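Asker: For the sequence shown, counting from 1, position 26 maps to 43 in my numbering; every step adds exactly one.
Got a structure here, written out as structure tokens. Questions coming.
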Amino acid sequence: MTAMSWAARPVEDTPPAVTEARGVRPSLAESRGARSSFDDPESFGAVFDTHFAEIHRYVAQRLGADHAEDVVAETFLAAFRKRARYDPSRATVRAWLYGIATNLIGKHRRLEVRTLRALGRHGPEADAPGHEERVAVRVSAESLRPDLAAALAGLDRRDRDVVLLVALAGLSHEEISTALGIPYGTVGSRLSRARKKLRVALGGVNPMLDPEEAGRG
Numbered sequence: 018m019t020a021m022s023w024a025a026r027p028v029e030d031t032p033p034a035v036t037e038a039r040g041v042r043p044s045l046a047e048s049r050g051a052r053s054s055f056d057d058p059e060s061f062g063a064v065f066d067t068h069f070a071e072i073h074r075y076v077a078q079r080l081g082a083d084h085a086e087d088v089v090a091e092t093f094l095a096a097f098r099k100r101a102r103y104d105p106s107r108a109t110v111r112a113w114l115y116g117i118a119t120n121l122i123g124k125h126r127r128l129e130v131r132t133l134r135a136l137g138r139h140g141p142e143a144d145a146p147g148h149e150e151r152v153a154v155r156v157s158a159e160s161l162r163p164d165l166a167a168a169l170a171g172l173d174r175r176d177r178d179v180v181l182l183v184a185l186a187g188l189s190h191e192e193i194s195t196a197l198g199i200p201y202g203t204v205g206s207r208l209s210r211a212r213k214k215l216r217v218a219l220g221g222v223n224p225m226l227d228p229e230e231a232g233r234g
């Protein structure tokens, strides 16, 4: 399913402004005004226009570009259908969308592991013939270098979610807690456990810099 395929769905399930790419001010999606854009289907395109590229990049880095379009389309469709549940006092639109995308990525955990392992084996410049390798070549090497990708493949999915929401999305612990619906302390414990495993896999090298820890330093 692509983003444009939403137009084929029943009217009540389809965000018109998304499928028709109507120009709505992006600022609506970054403030409490996002509440009104969620309530008005015709204005929902502001959310899509503002966040599509970032969410697509995140999903592509985890699943490969070949699969990102369908998952991102599903993310925004789910956001549109659940828009009445969005509470701007609890999370930004950006963090909420990352939570939806991450939960959908969880349905493709085997694909993600295969993609990460392929990138770890061959790196982003390899001219490998297999499908997994072709997918891996299209994953961003700037965020997921081969050794880190291979190490990430060995993590529990829930720990990997937290690590990558920090490393790729730059979300705070509080944002991750809200986005994934888990306690704040659980975010810290999962991140700590994941970082220890990654450090061992990478030969003692710090795999990532937690922005919250950097701020305290």
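Beta carbons are placed, not taken as given, at the ideal position from N, Cα and C, and that holds for glycine.
If you're wondering where the values come from, they're calculated on a predicted model, not measured in any experiment.
Assuming V183 is part of the alpha helix (DSSP H), what are its boundary residues?
Answerer: Its alpha helix (DSSP H) spans residues R174 to A184.
Asker: Out of L188, T109 and T119, which has the shortest C-alpha to C-alpha gap to V89?
Answerer: The candidate whose alpha carbon is nearest that of V89 is T119.
Asker: If contact is defined by three or more beta carbon pairs under 8 angstroms, each pair taking one atom from either stretch, is the segment 170-183 in contact with the segment 194-212?
Answerer: Yes, since at least three Cβ pairs between the segment 194-212 and the segment 170-183 fall closer than 8 angstroms, the two stretches touch.
Asker: In three-state terms, what does DSSP make of R162?
Answerer: Three-state DSSP puts R162 in coil, outside helix and strand.
Asker: When you compare the segment 93-112 with the segment 56-72, are there three or more beta-carbon pairs, one atom per stretch, that lie closer than 8 angstroms?
Answerer: The segment 93-112 vs the segment 56-72: in contact.
Asker: With a threshold of 7 angstroms on Cβ separation, who are the neighbours of V130 within its own chain once the five nearest residues in sequence on each side are excluded?
Answerer: Only A170 meet the Cβ criterion.
Asker: Apart from the five residues on each side of it in sequence, which residues of its chain come closer than 7 angstroms, Cβ to Cβ, to E37?
Answerer: Confidence at E37 is low in this model, with a pLDDT of 33, below 50, so its placement is unreliable and no value can be given for it.
Asker: Does the Cβ-Cβ distance between E71 and R111 come in under 9 angstroms?
Answerer: Going by C-beta atoms, E71 is nearer than 9 angstroms to R111.
Asker: Looking at the secondary structure, which residues open and close the alpha helix (DSSP H) in which A85 lies?
Answerer: From DSSP, the alpha helix (DSSP H) with A85 extends over A82 to R98.
Asker: With distances taken between CB atoms, is the gap from L80 to L165 smaller than 9 angstroms?
Answerer: Contact: no.
Asker: Compute the Euclidean distance between the alpha carbons of L172 and V217, then round it to the nearest angstrom.
Answerer: Approximately 12 angstroms between the Cα atoms of the pair.
Asker: Just the C-alpha distance for G123 and L114, rounded to the nearest angstrom, thanks.
Answerer: Taking the straight line from one Cα to the other gives about 14 angstroms.
Asker: Any heavy atom of the ligand ADP within a distance shorter than 8 angstroms of the CB on L133?
Answerer: Among the components of this structure there are no ligands whatsoever, and the ligand ADP is therefore not found.
Asker: Quick one: using the 10 Å Cβ neighbour count with 16 as the cut-off for buried, is G116 buried or exposed?
Answerer: So G116 counts as buried.
Asker: Distance check for A168 and V222, CA to CA, integer angstroms please.
Answerer: Rounded to the nearest angstrom, the two C-alpha atoms are 12 angstroms apart.
Asker: In the DSSP assignment, find the alpha helix (DSSP H) that holds Y115 and state where it starts and stops.
Answerer: Residues V110 to I122.
Asker: Out of A82, R207 and G187, which one is the CA nearest neighbour of L136?
Answerer: Cα-wise, what sits closest to L136 is A82.
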